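Chemist: Once you've had a glance at the structure underneath, I'll fire off some questions.
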Amino acid sequence: STIVLVFEAPEGKDGKGFKWIVDKGKTVKMGEAMGVV
Amino acid sequence: LRSAWNDTPIKWYPIPVGLGIAYLGFKHYSTVMERERQIAEQDYDPNDPNNKNRRVRPSGPWQVQILSTLPLKALSRVWGKFNEIPLPVIFRPFGFKLYAYIFGVNISEAKNQDLKSYRNLAEFFYRELDPAVRPIDSSSAVVSPSDGKVLMLGEVREGGRVENVKGMTYSLDALLSGQGEEKSASSNPASPAVLFSQAGEGTTKATAPGGQVVDSHEAFAKMNGISYTVGELFSGTEKTAQKAEDQSLPTGDIKQDVAAAVGPKAVNWFRNQVEGSKRLYFAVIYLAPGDYHRFHSPTEWVVETRRHFAGELFSVSPYLQAIMPSLFILNERVVLLGRWKHGFFSMTPVGATNVGSIVLNFDRELRTNSLTKDTKADSLKGHGYAEAHYQLASKLLGGHPLRRGEEMGGFRLG
């Protein structure tokens with residue numbers, strides 16, 4: 001099965017806004033950080 | 038002829054089982070082909086000769102063609118029923134340990150360690166985890182909703198298309214609302230950025246948090262009797278000051294005046310529109326058969342609407358995702374639409390052949406992978422999904438509020 005997340009967030013530029021902190025292919029655990037603003 | 042008919046002895050011979058199966062397969066294949074032909078005829082729309090808005094069909098190499106002829110939903114339901122058969126108590130520890138060994142399940146993380154208490158594989162599959170083994174990160178904006186592998190993540194490009202990685206290309210609108218390719222990304226009218234785009238070129242309207250509709254390029258603060266444009270508001274005091282002389286506006290640090298006049302919430306909202314524009318981001322997480330199959334809220338948000346697409350149940354293994362474009366648009370899925378502090382937020386659990394049943398703890402009505410209710414309802418409505426709204430859950434918030442890490446539901450076998 002799969003879960004798709006789609007959401008709106010402040011554009012990530014100049015160190016501000018949203019940024020992913022995981023990469024493709026990474027195995028994650030529930031509750032693990034994926035993105036920061 | 039009469040004597041041949043009367044005198045010939047009748048003998049029965051067993052036919053080979055394979056022959057029988059081949060016959061059934063051929064019979065099913067011809068039925069599916071005939072149904073597809075009829076649908077194609079019905080689907081043809083003279084106003085839309087290129088069939089841009091036609092339903093998405095499975096396309097891909099021969100493996101996909103063969104898969105699309107199989108009765109996947111029926112197989113999934115049989116698989117579900119099979120796994121609900123109670124297992125002998127003495128066999129359970131051995132059986133579940135074998136399953137754990139094959140699929141890499143970490144039994145020590147389970148909340149209930151007594152393997153004999155799980156009556157069947159379906160219960161063991163939907164086991165709970167000990168909360169201590171899954172700490173919820175509190176500092177980030179978004180956490181993972183489940184165990185799994187990040188197959189894709191990134192930013193949604195112009196036109197609502199999700200970034201093309203290993204063949205995974207699909208239209209956002211088709212995923213969330215079942216609409217065709219050409220729809221714009223503005224599928225959720227409530228989002229401010231979307232509001233801007235909906236008004237067309239040049240004449241943009243915006244709804245300020247207070248609910249007044251104002252022209253974003255003309256006077257934003259009209260609602261309080263003060264006349265400021267968006268550009269003047271944040272682009273610099275010099276320009277504004279001049280204007281101020283012309284229109285006897287207050288001079289000095291205009292930002293402080295505005296904040297006081299219209300309130301910080303409105304200021305923040307416009308700062309987002311002018312200084313920090315919004316983007317759509319996406320992530321796709323694949324849950325392998327051995328993974329923990331309950332999903333949790335990835336952040337603090339309010340779910341407003343649920344759209345259940347009773348689609349097919351192709352496998353969603355990374356291999357098939359790579360060779361079958363638009364897989365997510367074909368499969369059975371439950372689209373949850375809502376909003377969080379930065380705007381629009383959605384989460385879509387997508388079912389697969391072995392896990393066709395998607396459960397939501399706060400939505401008792403939802404029945405997926407069900408032959409009776411859902412599919413008929415959808416076809417009656419003609420738009421391909423059954424919709425529910427959660428406004429009653431909380432009038433104040435307009436939906437069902439979820440906290441980060443809160444269990445939302447899960448995938449069940451079959």
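These protein sequence lines are chains A and B, in that order. For the first sequence, our numbering assigns the number 1 to the initial residue and increments by one for each residue that follows. For the second sequence, our numbering assigns the number 38 to the initial residue and increments by one for each residue that follows. Ideal Cβ placement from N, Cα and C applies to all residues, glycine included. Keep in mind it's a predicted model, so treat the numbers as computed, not measured.
How many Å lie between LEU317(B) and GLU8(A) at the Cα?
Modeler: What you label residue 317(B) is simply residue 280 of the second sequence in a count that begins at 1. What you label residue 8(A) is simply residue 8 of the first sequence in a count that begins at 1. Answer to the nearest angstrom: the Cα atoms are 4 Å apart.
Chemist: Cα-Cα, which of PHE133(B), ASP44(B), GLY55(B) and TRP49(B) is closest to GLY327(B)?
Modeler: Against the second sequence, residue 327(B) aligns to sequence position 290. GLY327(B) has its Cα closest to that of PHE133(B), out of PHE133(B), ASP44(B), GLY55(B) and TRP49(B).
Chemist: Anything in chain B within Cβ reach of GLY25(A), meaning under 9 Å, just list it in chain order.
Modeler: Here residue 25(A) refers to the residue found at position 25 of the first sequence. The contacting residues are LYS186, VAL187 and LEU188.
Chemist: Could you please tell me which residues of the stretch 157-177 of chain B, in chain order, have their CB closer than 8 Å to any CB of chain A?
Modeler: Only those residues of the stretch 157-177 of chain B whose C-beta falls short of 8 Å from the nearest C-beta of chain A are listed: LEU166, ARG171, PRO172, ILE173, ASP174, SER176 and SER177.
Chemist: In its own chain, which residues sit with a C-beta less than 7 Å from the C-beta of GLU121(B), not counting the 5 before and 5 after it?
Modeler: By one-based count along the second sequence, residue 121(B) stands at place 84. So the list reads ASN157 and ALA159, once near-sequence residues are dropped.
Chemist: Measure from the alpha carbon of LEU190(B) to the alpha carbon of each residue in TRP20(A), SER1(A) and LYS16(A), then state which is nearest.
Modeler: Numbered from its first residue, the second sequence carries residue 190(B) at position 153. With distances taken between Cα atoms, LEU190(B) lies closest to TRP20(A).
Chemist: With 7 Å as the threshold, decide whether the Cβ of GLY31(A) is near any Cβ in chain B.
Modeler: Counting from one through the first sequence, the residue named residue 31(A) turns up at place 31. Judged by the 7 Å Cβ criterion, GLY31(A) is in contact with chain B.
Chemist: Work out the CA separation of GLY393(B) and VAL340(B) for me, nearest whole Å.
Modeler: As a position in the second sequence, residue 340(B) is number 303, starting the count at 1. As a position in the second sequence, residue 393(B) is number 356, starting the count at 1. Distance between the alpha carbons of VAL340(B) and GLY393(B): 22 Å.
Chemist: Looking only at its chain, what residues have a beta carbon closer than 7 Å to the beta carbon of TRP377(B), apart from the 5 residues adjacent to it on each side?
Modeler: On the second sequence, residue 377(B) is found 340 positions in, with the first residue counted as 1. Taken in chain order, the residues that qualify are THR336, GLU337 and TRP338.
Chemist: Please classify LEU56(B) as buried or exposed, where buried requires at least 16 neighbouring CB atoms within 10 angstroms.
Modeler: Translated into positions along the second sequence, residue 56(B) becomes position 19. Exposed is the call here.
Chemist: What residues of chain B sit near GLY15(A), judged by a beta carbon separation below 9 Å?
Modeler: What you label residue 15(A) is simply residue 15 of the first sequence in a count that begins at 1. Ordered by position in chain B, no residue passes the 9 Å Cβ test against GLY15(A), which lies about 12 Å from the chain.
Chemist: Under DSSP, the alpha helix (DSSP H) around ARG129(B) begins and ends at which residues?
Modeler: Here residue 129(B) refers to the residue found at position 92 of the second sequence. Looking at the DSSP string, the run of the alpha helix (DSSP H) that includes ARG129(B) is 129-140.
Chemist: Among residues of its own chain, excluding the 5 on either side of VAL142(B), which ones have a beta-carbon nearer than 7 Å to its beta-carbon?
Modeler: Your numbering for residue 142(B) matches position 105 in the second sequence. Result list for VAL142(B): TYR136 and GLY327, in chain order.
Chemist: Put ILE47(B) into one of helix, strand or coil per three-state DSSP.
Modeler: As a working mapping, residue 47(B) is identified with position 10 in the second sequence. ILE47(B) falls in the coil class under three-state DSSP.
Chemist: If you reduce the DSSP assignment to three classes, tell me which class ARG316(B) lands in.
Modeler: Counting from one through the second sequence, the residue named residue 316(B) turns up at place 279. It is a strand residue.
Chemist: Can you tell me where the beta strand (DSSP E) with PHE448(B) in it begins and where it stops?
Modeler: As a position in the second sequence, residue 448(B) is number 411, starting the count at 1. 444-449 is the extent of the beta strand (DSSP E) around PHE448(B).
Chemist: Could you tell me which of PRO438(B), ILE322(B), PRO98(B) and PRO108(B) sits nearest to SER354(B), measuring between CA atoms?
Modeler: One-based indexing of the second sequence puts residue 354(B) at position 317. The residue with the shortest Cα to Cα distance from SER354(B) is ILE322(B).
Chemist: Taking buried to mean at least 16 other C-beta atoms within 10 Å of its own C-beta, is GLU406(B) buried or exposed?
Modeler: On the second sequence, position 369 is the one that residue 406(B) refers to. Reading off the sequence shown, one finds Asn at residue 406(B), where the question assumed Glu. With 16 or more other Cβ atoms within 10 Å, it is buried.
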